[in-house]
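Residue numbers (the numbering used here): 19 to 648. The block underneath contains the structure these notes are about, expressed in structure tokens.
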């Protein structure tokens, strides 16, 4: 009998779970984090003293209408509860504490106009506030080690009476403040987080006044300048438990911003934005689980930041096992020998990308995961005429389309070569073409319609199929685009609207969709350049208004309605297989028509409101199969 190790080329491992591709392991990491709505503050305000964690946070004092407040609220990860008030009402004070049961608040401004600076320090024992020793330098607009404690904390920088900026650092030992090494850069309204022996001070306002990108790291005795933030700003929120893992969010730069940056100990990376641009917001927690609350204009809004998984700057855990084609192993949990083989449904996951500058759904999409464009759609204020380009990392505003519309379809190879057609403005035949610099109206569709699907990897060659006309009549029409005009060709077998499609002019797939009754469809049709053929493979979950990516033989559809879903299904040319769900269930999402089943993009969407979601699908093209004797 052949030795299994020799036969397979790999040692047979004993694993408690199936291995995963490295891309999947990295999918849920700090760079896939997202902000979501949390419970609203009972007292809307700005410039609070923040401390604690996502599930045990505290917002103390601040600026509310009609002035400074002494209100204190504790957060449990779901809602805010009012607790005993601080003795001195103030704004732009700072706090420290690892939980909302034991915290301190210090400094601040009692007047609301920077003339009532105080040095007061108060300590919270989970039932009442007690005044303890004052700061040596009365000031506001400081930064602090907000994950410090009632016996060990740092207060740095800020605005004393004169001059208006300082680099002074003071250390708290539970009974008194002691001046220690100054920061290298004087500043105020900076971002700070960490502990009394390991913290970060980032960005802020310097003399001038001018915003700085400078960042300094504290080791318990001295400050060291480290890598700068990407966007200079002041007066925002921060979170982190050391000088190697931090998050900053919101602030003024110079107008209020939603930008969020993650520090992994070596570099700052822009990650997903706050849902709403904010300044004078505050927050606390870790770089993987944080909250932001309040903001300019006495906001009561709370947002929660969460992610899970591996940081790309770290190495996999000791028990991590990558999936290698050809490997055999024993899964001790299921009691099966298994092998990894080529082909089959891709193993992968969706990970969050940077959010789109505008929320919307039912827009046209063209291109790939790393070169994508969206245009038109429906947003919070109605139909859109905007378009945005994606380079695989960031979204950039592109020229507006000529006619605002929703439920529009598109195709094209990249974010500089796209075509969009149809839509509801109400119903239109308009077709527009993008060459990388401007949108140009070209020849119209033969029939005014919306909610159809399109396929084509070049903006000079594609097809539009299905959809609906007024008032709600499903269509089976197919029109072919040759770069100059649309020509009616053979119809779909079933008239249907809200369908998904992918492929090219001569080889495409139409799938799912809806009819007046029933409102969910699972059927699939295949186009060979001349006619449509119904195939036996049907979706596992009937739905319409999906996003899509891929070719006639390897594709994906994702999201959909009427039961808003995050389900993703893979097409292998014959049948559909459910694979990893989207992180955000939504319908009307854009896709990557020129993408693949291993690399796709899902954009925007609607659940309870239009969204600015971006999600990236990364997968390995292999399967894990039990070893049998047959």
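All residues carry an ideal CB built from backbone N, CA and C; glycine is no exception.
Which parts of the region 85-171 are runs of the beta strand (DSSP E), unbroken and 3 residues or longer, counting only runs that do not cross its ends?
Runs of the beta strand (DSSP E) lying entirely within the region 85-171 and spanning at least 3 residues, in chain order: 90-93, 98-101, 112-117, 120-124, 139-142, 147-150.
Helix, strand or coil at residue 430 [DSSP, three-state]:
strand
DSSP bridge partner residues for residue 449 (one or two, in chain order):
439, 460
Nearest CA to the CA of residue 621: which residue from 72, 376, 417?
376
Under the three-state DSSP convention, the category residue 624 falls into
Strand at residue 624.
Does the separation of the CB atoms of residue 442 and residue 477 fall below 8 Å?
no
Taking C-beta to C-beta, are residue 583 and residue 603 nearer than 8 Å?
yes
Can residue 526 and residue 473 be called in contact, C-beta distance under 8 Å?
For residue 526 and residue 473, yes; Cβs fall inside 8 Å.
Would you tell me roughly how many angstroms separate the C-alpha atoms of residue 124 and residue 248, rounded to the nearest one?
30 Å
Run through DSSP, which three-state label would residue 66 get?
If DSSP states are grouped into helix, strand and coil, residue 66 belongs with coil.
Between residue 609 and residue 56, what straight-line distance do the alpha-carbon atoms span, to the nearest angstrom?
29 Å
Which ranges does the beta strand (DSSP E) cover as unbroken runs of at least 3 residues, wholly within the region 552-640, from first to last along the chain?
565-568, 573-576, 586-589, 594-597, 617-621
Boundaries of the beta strand (DSSP E) in which residue 406 is found, first to last residue:
405-408
Please report the Cβ distance between residue 300 and residue 315, rounded to the nearest whole angstrom; I am assuming they are in contact, meaning their Cβ atoms lie under 8 Å.
Actually they are not in contact, since the Cβ atoms of residue 300 and residue 315 sit about 14 Å apart, beyond 8 Å.
Using 7 Å as the cut-off, classify the Cβ of residue 599 as near or not near the heavy atoms of the ligand NAP, replying yes or no.
Absence of the ligand NAP from the depicted structure is noted, as is the absence of any ligand whatsoever, leaving it without description.
Taking only three categories from DSSP, how would you classify residue 208?
coil
Going by beta carbon distance, what residues of the same chain come within less than 6 Å of residue 24, once the five residues before and after it are set aside?
Unreliable positioning characterises residue 24 in this predicted model, as indicated by a pLDDT of 42, which lies under 50. The coordinate reading is nonetheless provided below. There are no such residues.
Which of helix, strand or coil DSSP assigns to residue 350:
Residue state, collapsed to three classes: coil.
Would DSSP call residue 380 helix, strand or coil?
coil
Which value, in whole angstroms, describes the spacing of the CA atoms of residue 82 and residue 158?
17 Å
For residue 96, collect the residues of the same chain with a Cβ closer than 8 Å to its Cβ; drop the 5 residues on either side in sequence, then sort them by chain order.
56, 57
List the DSSP bridge partners of residue 223.
206, 229
How would you call residue 31, buried or exposed, if buried means at least 16 neighbouring beta carbons within 10 angstroms?
So residue 31 counts as exposed.
Please classify residue 35: is it buried, with 16 or more other beta-carbons within 10 angstroms of its beta-carbon, or exposed?
exposed
Which full runs of the beta strand (DSSP E) of 3+ residues lie inside the region 468-519, going along the chain?
471-476, 479-483, 496-499, 504-507
Based on the DSSP output, what are the partners of residue 355 in its beta bridges?
348
Complete alpha helix (DSSP H) runs within the region 283-316 (minimum length 4 residues, chain order)
none
Proximity to residue 504 [Cα-Cα], best of 537, 462, 192, 597
Closest option to residue 504, Cα to Cα, is 462.
Secondary structure of residue 385, DSSP reduced to three states
strand
So who's on the other strand from residue 258, going by DSSP bridges?
264
Pairwise C-alpha distance: residue 597 and residue 363:
7 Å
Does DSSP put residue 419 in a helix, a strand or coil?
Correct three-state label for residue 419: coil.
N- and C-terminal bounds of the beta strand (DSSP E) containing residue 322
320-324
Given that a residue counts as buried once 16 or more other Cβ atoms are within 10 Å of its Cβ, and exposed if not, what is residue 272?
It is exposed - the Cβ of residue 272 has fewer than 16 other Cβ atoms within 10 Å.
Contact set for residue 78: own chain, Cβ-Cβ below 7 Å, skip 5 residues either direction:
66, 67, 90, 104, 113, 123
Rounded to whole angstroms, what is the Cα-Cα separation between residue 240 and residue 618?
47 Å
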